[in-house]
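Number of protein chains: 2
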Amino acid sequence: MSQSKILLAEKEIPRQWYNIQADMSQLPPPPLHPGTKKPAVADDFAPLFPPALIEQEMTKERWIDIPDEVLAIYRLWRPSPLYRAHRLEKALGTPARIYYKYEGVSPAGSHKPNTAVPQAYYNKQAGVKRLSTETGAGQWGSALSLACGFFGLECTVYMVKISYRQKPYRRSLMEVWGAEVIPSPSDRTEAGRKVLAKHPDSPGSLGMAISEAVEDAVSREDTRYALGSVLNHVMLHQTIIGLEAKKQLDLVGDYPDVVIGCCGGGSNFSGLAFPFLADKFNGRKVRALAVEPAACPSLTKGTLAYDFGDTAGLTPLLRMYTLGHSFVPPGIHAGGLRYHGASPLISQLCHDGLVEGAAYPQQAVFASALLFARTEGILPAPESAHAIHGAVKEAEESAKTGKPQTILFSLSGHGHFDLAAYDAYFSGQLEDVGYSEEEGKRALAELPEV
Amino acid sequence: MSQSKILLAEKEIPRQWYNIQADMSQLPPPPLHPGTKKPAVADDFAPLFPPALIEQEMTKERWIDIPDEVLAIYRLWRPSPLYRAHRLEKALGTPARIYYKYEGVSPAGSHKPNTAVPQAYYNKQAGVKRLSTETGAGQWGSALSLACGFFGLECTVYMVKISYRQKPYRRSLMEVWGAEVIPSPSDRTEAGRKVLAKHPDSPGSLGMAISEAVEDAVSREDTRYALGSVLNHVMLHQTIIGLEAKKQLDLVGDYPDVVIGCCGGGSNFSGLAFPFLADKFNGRKVRALAVEPAACPSLTKGTLAYDFGDTAGLTPLLRMYTLGHSFVPPGIHAGGLRYHGASPLISQLCHDGLVEGAAYPQQAVFASALLFARTEGILPAPESAHAIHGAVKEAEESAKTGKPQTILFSLSGHGHFDLAAYDAYFSGQLEDVGYSEEEGKRALAELPEV
Numbered sequence: 131m132s133q134s135k136i137l138l139a140e141k142e143i144p145r146q147w148y149n150i151q152a153d154m155s156q157l158p159p160p161p162l163h164p165g166t167k168k169p170a171v172a173d174d175f176a177p178l179f180p181p182a183l184i185e186q187e188m189t190k191e192r193w194i195d196i197p198d199e200v201l202a203i204y205r206l207w208r209p210s211p212l213y214r215a216h217r218l219e220k221a222l223g224t225p226a227r228i229y230y231k232y233e234g235v236s237p238a239g240s241h242k243p244n245t246a247v248p249q250a251y252y253n254k255q256a257g258v259k260r261l262s263t264e265t266g267a268g269q270w271g272s273a274l275s276l277a278c279g280f281f282g283l284e285c286t287v288y289m290v291k292i293s294y295r296q297k298p299y300r301r302s303l304m305e306v307w308g309a310e311v312i313p314s315p316s317d318r319t320e321a322g323r324k325v326l327a328k329h330p331d332s333p334g335s336l337g338m339a340i341s342e343a344v345e346d347a348v349s350r351e352d353t354r355y356a357l358g359s360v361l362n363h364v365m366l367h368q369t370i371i372g373l374e375a376k377k378q379l380d381l382v383g384d385y386p387d388v389v390i391g392c393c394g395g396g397s398n399f400s401g402l403a404f405p406f407l408a409d410k411f412n413g414r415k416v417r418a419l420a421v422e423p424a425a426c427p428s429l430t431k432g433t434l435a436y437d438f439g440d441t442a443g444l445t446p447l448l449r450m451y452t453l454g455h456s457f458v459p460p461g462i463h464a465g466g467l468r469y470h471g472a473s474p475l476i477s478q479l480c481h482d483g484l485v486e487g488a489a490y491p492q493q494a495v496f497a498s499a500l501l502f503a504r505t506e507g508i509l510p511a512p513e514s515a516h517a518i519h520g521a522v523k524e525a526e527e528s529a530k531t532g533k534p535q536t537i538l539f540s541l542s543g544h545g546h547f548d549l550a551a552y553d554a555y556f557s558g559q560l561e562d563v564g565y566s567e568e569e570g571k572r573a574l575a576e577l578p579e580v
Numbered sequence: 131m132s133q134s135k136i137l138l139a140e141k142e143i144p145r146q147w148y149n150i151q152a153d154m155s156q157l158p159p160p161p162l163h164p165g166t167k168k169p170a171v172a173d174d175f176a177p178l179f180p181p182a183l184i185e186q187e188m189t190k191e192r193w194i195d196i197p198d199e200v201l202a203i204y205r206l207w208r209p210s211p212l213y214r215a216h217r218l219e220k221a222l223g224t225p226a227r228i229y230y231k232y233e234g235v236s237p238a239g240s241h242k243p244n245t246a247v248p249q250a251y252y253n254k255q256a257g258v259k260r261l262s263t264e265t266g267a268g269q270w271g272s273a274l275s276l277a278c279g280f281f282g283l284e285c286t287v288y289m290v291k292i293s294y295r296q297k298p299y300r301r302s303l304m305e306v307w308g309a310e311v312i313p314s315p316s317d318r319t320e321a322g323r324k325v326l327a328k329h330p331d332s333p334g335s336l337g338m339a340i341s342e343a344v345e346d347a348v349s350r351e352d353t354r355y356a357l358g359s360v361l362n363h364v365m366l367h368q369t370i371i372g373l374e375a376k377k378q379l380d381l382v383g384d385y386p387d388v389v390i391g392c393c394g395g396g397s398n399f400s401g402l403a404f405p406f407l408a409d410k411f412n413g414r415k416v417r418a419l420a421v422e423p424a425a426c427p428s429l430t431k432g433t434l435a436y437d438f439g440d441t442a443g444l445t446p447l448l449r450m451y452t453l454g455h456s457f458v459p460p461g462i463h464a465g466g467l468r469y470h471g472a473s474p475l476i477s478q479l480c481h482d483g484l485v486e487g488a489a490y491p492q493q494a495v496f497a498s499a500l501l502f503a504r505t506e507g508i509l510p511a512p513e514s515a516h517a518i519h520g521a522v523k524e525a526e527e528s529a530k531t532g533k534p535q536t537i538l539f540s541l542s543g544h545g546h547f548d549l550a551a552y553d554a555y556f557s558g559q560l561e562d563v564g565y566s567e568e569e570g571k572r573a574l575a576e577l578p579e580v
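Protein chains in written order, with the numbering used here: chain S, 131 to 580; chain H, 131 to 580.
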């Protein structure tokens, strides 16, 4: 049997991120100021982000150097392993070769630290003392806590109150790394107090937590805001995933016919796919498949339009496939994929036919997660299980047609903090929830006019 | 800065385990039959273990081939990484070089699969259909569940009832991998029914669960029993940890002055230390330090004597440092170190001055765990944190004397399932519990006569 685990030497860690904006023939139109509805300029972002990140958000340079200080931290878990899924292939009886890039080896257990670390670094460089952010299920909050700890920044995480109560261990993890975790809505912000006055028992929402984190950042000189997905600079930082994977496949002389990632805001999908799309721009044949939950299908059922990033309508307007900022996704277990929109870069690529979308219901996704855990051993996060299911479907297609193909997917994180979801699956309490066309129509009717 | 993560290529995985029995000038005296008190022979173990494992328990061969089928599974996470703890060194201001071998990369999150996989394999080879075992906190049970899944064996885990209730996610993890998990005491065995008749609300104990698992195995032709520590063949399988670590240190031209592991039954400590002790037998200078909890200090406060492996007195008698099989360790958070005895091999080496013991209270251990998490990023298991604390103490000594030394410790697992313990530490509810001399005297008075 050929090797299972394809490792890069530490000195082979890529020294630059890949900026897909350099190669796209059609770029997404610019973000708009939420008040004036005019194209936002760098200054509009200055209360939120340090100059280096604003620059990275807008630059068309193809390659961006990764600072040595960031590489020194990356080395704690990077290069991450690439696996050949021999045992899964055998179980599926497929002629396809399946590879997966495993990002669960980071201390936070997902790909999120790939961008949390440079974001903390550039803020530190700019003299920022403190970062604020929001978190739902906790993956992003824990990644930023970890990163801030490394650079001696204070970190305040507004955690959706219902998650704060239901997932105390995610909160503990953030505290282990030194962050302050505040259940949202809170009395710490005007936005929070307003909600509490009306609804003292509000369970909170991601949109509300974003509003609190943004208000916190803009109201304090020493504080900036950090976002874990959607924006261009976040996609940029994640490309280290795909850049490493290409080197690793080179080592075994293979190249994917299709790359697959789960897609919420899109940071994990971009991270894997963009470096391969770079080849596609140069004429190489490779498909890129973004897998989303049937309950929150922005790429496959959304509308390409300008919309707010949060439910309260405080953020700049981004042009993206969206279900409407007032769309409330059902409570599926893949909390990281419960976002109403998709990154403007991915949205544009999807619109231009360079990226395919697919949406799957969660029962089928969990069945594939279990097959994966029992063959490859690793317990996948429910989000990552969407990519697994996409890969399983492709491999089954190969088995049917007898046509071999090379499949590469991103296993973006482990499921060690998600066992409640597996419990629900075993006990039959995990139901398929689809996209409600009616609720969708209502939310899309509330898109802002631009 | 020199590299942080020292990786071996997959083809560098050791092909043989190291059997320290080949090199010890003084071997531990043989196990005794619990009834006759005469040296146990292979046949006495036949109802419990397959022939290959009984052979490995007794052989004096120095090198034992690792079967290809086991290597194929090992490759899913092995070779495990060796880290240079640059950031921890800096935080301690020490001239010491600190390395750690990280076994938390296995799917079960600890070193336990290193022996669970070969145990499942040899049972499968012998035609066994089903394995029974016990688990307390769940690390061993989840490792064996994973291993049985790989080889298509049924797996029944008797889980201490109080843990079954308090740690539902450990149970879920075992079920993900296909095991049947039974809260112990249960009505499935005579031993369980006896307890339930007297104490219907019994929270269970590890000793009771062992009795149930053993009874289950001996009462069914198709079933054998599996143990996760203490026995010679378990120590043998774990030596892959130290064998890899030696190769990895070779790559950077270093060699430890001291190797450190936490020690409950002793499988993790042996795994790291035995391959280095092989050099010590040949005159090389290297210290081996086994760290145990102050609350359960078998090596440092126990008596070297024949004792039972379980509280009910059903197992063969093993000569080991023991606190007495009726000793009930306080409810510290390092559940994997709550065992009354230590492996006969380690006990002998300790008695002969080749291994040092040290016992630390849990508050100091958690303080070191937190320092580690905040510098190196990885959240350690409470058990592994004992080794961290041992390494920190050594590094602080170097800082004091100004004398550099090379420290290697085993980070045997991650703490993703142990956040309740960190919560307790943060909230000040984690208390130092020492060894009760009085309780110790009582338990030692109950040692069996031989």
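Backbone N, C-alpha and C define an ideal beta-carbon position, used for all residues, glycine too.
| request: Indicate whether at least one CB of chain S lies closer than 8 Å to the CB of LYS259 (chain H). | output: On the second sequence, position 129 is the one that residue 259 (chain H) refers to. Chain S contact via Cβ: absent.
| message | Three Cβ pairs or more, each shorter than 8 Å: is that satisfied between the region 230–239 of chain S and the region 192–212 of chain S? | response | Taking 8 Å as the limit for Cβ pairs, the verdict is that the region 192–212 of chain S does touch the region 230–239 of chain S.
| field | Residues, ordered as in the chain, of the region 481–509 of chain S that lie near chain H by beta-carbon distance below 8 Å | value | Those would be LEU500, ALA503, ARG504, GLU506, GLY507, ILE508, LEU509, in chain order.
| task | Identify every residue that forms a DSSP beta bridge with ALA420 (chain S). | result | Start at 1 with the first residue of the first sequence, and residue 420 (chain S) comes out as number 290. DSSP output for ALA420 (chain S) lists S:GLY391, S:GLY487 as bridge partner(s).
| Would a C-beta distance cut-off of 8 Å place LEU212 (chain S) and LYS242 (chain S) closer than the cut-off? | What you label residue 212 (chain S) is simply residue 82 of the first sequence in a count that begins at 1. What you label residue 242 (chain S) is simply residue 112 of the first sequence in a count that begins at 1. Not closer than 8 Å, so no.
| Got a sec: does the ligand GDP put a non-hydrogen atom nearer than 7 Å to the Cβ of GLY394 (chain H)? | The ligand GDP is not part of the structure shown, which contains no ligands of any sort.
| If you run the structure through DSSP and keep just helix, strand and coil, what is TYR148 (chain H)? | As a working mapping, residue 148 (chain H) is identified with position 18 in the second sequence. Strand, per DSSP.
| task | Determine the DSSP secondary structure at GLU264 (chain H), reduced to helix, strand or coil. | result | As a position in the second sequence, residue 264 (chain H) is number 134, starting the count at 1. Strand at GLU264 (chain H).
| Distance between beta carbons of SER341 (chain H) and LEU444 (chain H), contact taken as under 8 Å | One-based indexing of the second sequence puts residue 444 (chain H) at position 314. One-based indexing of the second sequence puts residue 341 (chain H) at position 211. Between SER341 (chain H) and LEU444 (chain H) the Cβ distance is about 6 Å, and since that is below 8 Å, they are a contact.
| query | Which of the three DSSP states, helix, strand or coil, is assigned to THR189 (chain S)? | reply | For this step, residue 189 (chain S) is matched to residue 59 along the first sequence. Note: THR189 (chain S) maps to coil in three-state DSSP.
| field | Rounded C-alpha distance that separates MET289 (chain S) from LEU541 (chain S) | value | Position 159 of the first sequence holds residue 289 (chain S). Position 411 of the first sequence holds residue 541 (chain S). One alpha carbon belongs to MET289 (chain S), the other to LEU541 (chain S), and they sit about 25 Å apart.
| field | Local conformation of PRO315 (chain H) per DSSP, three classes | value | Translated into the one-based positions of the second sequence, residue 315 (chain H) becomes position 185. DSSP places PRO315 (chain H) in coil when its eight states are reduced to three.
| task | Could you tell me which residues DSSP puts in a beta bridge with LEU538 (chain S)? | result | The residue labelled residue 538 (chain S) in the question sits at position 408 within the first sequence. Paired residue(s): S:TYR229, S:VAL389.
| field | Beta-carbon neighbours of LEU276 (chain S), restricted to chain H and to distances below 7 Å | value | Start at 1 with the first residue of the first sequence, and residue 276 (chain S) comes out as number 146. The answer, in chain order, is GLY507.
| field | Listed by chain order, chain S residues near GLY279 (chain H) by CB distance under 7 Å | value | Here residue 279 (chain H) is taken as the residue at index 149 of the second sequence, counted from 1. Simply ARG504.
| 8 Å Cβ cutoff, SER134 (chain S) in contact with chain H | For the purposes of this step, residue 134 (chain S) is taken as the residue at position 4 of the first sequence. So, interface residue.
| Endpoints, alpha helix (DSSP H) assigned at VAL364 (chain H) | Residue numbering aside, residue 364 (chain H) sits at position 234 when the second sequence is read from its first letter. Per DSSP, VAL364 (chain H) belongs to the alpha helix (DSSP H) from 362–368.
| task | Count the C-beta pairs between the region 445–453 of chain H and the region 469–484 of chain H that are closer than 8 Å, then say yes if the count reaches three, no if not. | result | The region 445–453 of chain H vs the region 469–484 of chain H: in contact.
| query | At least one CB of chain H closer than 8 Å to the CB of TYR552 (chain S): is that the case? | reply | What you label residue 552 (chain S) is simply residue 422 of the first sequence in a count that begins at 1. TYR552 (chain S) counts as touching chain H.
| query | What is the C-beta distance between THR430 (chain H) and ALA489 (chain H), in whole angstroms, given that I count them as a contact (C-beta under 8 Å)? | reply | Working through the second sequence from its first residue, we reach residue 430 (chain H) at position 300. Working through the second sequence from its first residue, we reach residue 489 (chain H) at position 359. Right, their Cβ atoms sit about 5 Å apart.
| task | With 7 Å as the C-beta to C-beta threshold (strictly closer), list the residues of the region 183–214 of chain H near chain S in chain order. | result | Hits within the stretch, in order: ALA202, ARG205, LEU206.
| request: Kindly indicate if chain H contains any beta-carbon less than 8 Å away from that of ALA139 (chain S). | output: The residue labelled residue 139 (chain S) in the question sits at position 9 within the first sequence. The beta-carbon of ALA139 (chain S) is placed less than 8 Å from the nearest beta-carbon of chain H.
| Contact set between SER514 (chain H) and chain S, taken where Cβ atoms lie within less than 8 Å | What you label residue 514 (chain H) is simply residue 384 of the second sequence in a count that begins at 1. Those do not exist, as SER514 (chain H) stays about 14 Å from chain S at its closest Cβ, beyond 8 Å.
| request: List the residues of chain H that PRO298 (chain S) touches, going by C-beta distances under 9 Å, in chain order. | output: The count along the first sequence starts at 1 and reaches residue 298 (chain S) at position 168. Neighbours of PRO298 (chain S) on chain H, chain order: LEU549, ALA550, ASP553.
| message | Between the region 526–533 of chain H and the region 365–375 of chain H, can you find at least three pairs of beta-carbon atoms closer than 8 Å? | response | In this structure the region 365–375 of chain H does not touch the region 526–533 of chain H; the number of beta carbon pairs closer than 8 Å is below three.
| Coarse secondary structure for ARG323 (chain H), derived from DSSP in three states | Along the second sequence, read from residue 1 onward, the residue named residue 323 (chain H) stands at position 193. Per DSSP, reduced to three states, the secondary structure at ARG323 (chain H) is helical.
| said: Quick check on PRO237 (chain S) - is its C-beta less than 8 Å from some C-beta in chain H? | reply: To locate residue 237 (chain S), count along the first sequence from 1; it is residue 107. Cβ-Cβ to chain H under 8 Å: yes for PRO237 (chain S).
| said: Helix, strand or coil for HIS455 (chain S)? Go by DSSP, reduced to three states. | reply: Position 325 of the first sequence, counting from 1, holds the residue named residue 455 (chain S). In this structure, DSSP gives HIS455 (chain S) a state outside helix and strand, which the three-state scheme calls coil.
| field | Helix, strand or coil at CYS480 (chain H) according to DSSP, with G and I counted as helix | value | Translated into the one-based positions of the second sequence, residue 480 (chain H) becomes position 350. In the three-state reduction of the DSSP assignment, CYS480 (chain H) falls in the helix class.
| task | Classify LEU157 (chain H) as helix, strand or coil using the three-state DSSP reduction. | result | To locate residue 157 (chain H), count along the second sequence from 1; it is residue 27. Secondary structure at LEU157 (chain H): coil, using DSSP grouped into helix, strand and coil.
| field | Chain-ordered chain S contacts of HIS546 (chain H) [CB-CB under 9 Å] | value | Here residue 546 (chain H) refers to the residue found at position 416 when the second sequence is read from its first residue. What HIS546 (chain H) touches in chain S: GLY239, TYR299, LEU303, HIS544, HIS546, PHE547.
| said: Can you tell me where the alpha helix (DSSP H) holding VAL495 (chain H) begins and where it ends? | reply: For the purposes of this step, residue 495 (chain H) is taken as residue 365 along the second sequence, with counting starting at 1. 492–506 is the extent of the alpha helix (DSSP H) around VAL495 (chain H).
| Tell me the DSSP bridge mates of LEU447 (chain S)? | Working through the first sequence from its first residue, we reach residue 447 (chain S) at position 317. According to the DSSP secondary-structure assignment, LEU447 (chain S) is paired through a beta bridge with S:LEU162, S:PHE438.
| Do THR286 (chain H) and ILE312 (chain H) have their C-beta atoms closer together than 8 Å? | If you number the second sequence from 1, residue 286 (chain H) lands on position 156. If you number the second sequence from 1, residue 312 (chain H) lands on position 182. The Cβ atoms of THR286 (chain H) and ILE312 (chain H) lie closer than 8 Å to each other.
| Buried versus exposed call for LYS297 (chain S) [16 or more other C-beta atoms within 10 Å across all chains shown] | By 1-based counting over the first sequence, the position of residue 297 (chain S) is 167. LYS297 (chain S) comes out buried.
| said: Quick check on this structure: which residue in S:ALA499, S:HIS163, S:ASN362, S:VAL485 has the alpha carbon closest to the alpha carbon of LYS415 (chain S)? | reply: The residue labelled residue 415 (chain S) in the question sits at position 285 within the first sequence. Answer by Cα proximity: S:VAL485.
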